[in-house]
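Asker: Got a structure for you, questions after.
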Amino acid sequence: MNQQTVTAIYQNGVLRPLVSLDLPENSEVELNVKIIESKQTPREQIGELLVQKGLSLRKKSTEPKQSLSTKERERLAKIFSAPQPLGELISEDREER
176 MNQQTVTAIY
186 QNGVLRPLVS
196 LDLPENSEVE
206 LNVKIIESKQ
216 TPREQIGELL
226 VQKGLSLRKK
236 STEPKQSLST
246 KERERLAKIF
256 SAPQPLGELI
266 SEDREER
């Protein structure tokens with residue numbers, strides 16, 4: 176018997192898995208439901224799960240968000256107003272680091 180543990184969101188009367196299930200269509204399954212108490216919103220839970228599964232590089236920061244300085248805003252405005260494909264801009268930015 177193949178067994179999988181997945182996290183799902185219960186919404187509008189339907190359990191919606193947060194990951195794709197490796198199941199043939201019309202498979203009959205047995206569910207054991209365990210409620211996960213969380214203070215996170217469903218969106219935050221999904222983001223965290225994507226990071227855990229290696230599908231997102233975004234890390235949750237514990238530091239408060241800081242506003243951009245005027246100088247940094249001007250630098251970014253100059254970069255993104257340039258008539259250059261976005262992929263090239265990203266590559267250049269990575270090379271600078």
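176 is the number of the first residue of the sequence shown in the working numbering; add one for each residue after it.
Quick reminder that beta carbons are idealized off the backbone N, C-alpha and C, glycines included.
On a predicted model such as this, the values are computed, not experimentally measured, just so you know.
Three Cβ pairs or more, each shorter than 8 Å: is that satisfied between the segment 197 to 210 and the segment 219 to 230?
Answerer: Because the criterion of three Cβ pairs below 8 Å is not met, the segment 197 to 210 and the segment 219 to 230 do not touch.
Asker: DSSP has Pro-192 in a bridge; who is on the other side?
Answerer: Working through the sequence shown from its first residue, we reach residue 192 at position 17. Answer is Ala-183, bridged to Pro-192.
Asker: For a test of the three-state rule: what should DSSP assign to Ser-256, helix, strand or coil?
Answerer: The residue you call residue 256 lines up with position 81 of the sequence shown. Of the three classes helix, strand and coil, the one that applies to Ser-256 here is helix, per DSSP.
Asker: Under 8 Å between the Cβ atoms of Leu-224 and Leu-193?
Answerer: Against the sequence shown, residue 224 aligns to sequence position 49. Against the sequence shown, residue 193 aligns to sequence position 18. Yes, the Cβ-Cβ distance between Leu-224 and Leu-193 is below 8 Å.
Asker: Express the C-alpha separation of Gln-241 and Ile-221 in angstroms, rounding to a whole number.
Answerer: Within the sequence shown, residue 221 is the residue found at index 46, counting from 1. Within the sequence shown, residue 241 is the residue found at index 66, counting from 1. For Ile-221 and Gln-241, the distance between alpha carbons rounds to 24 Å.
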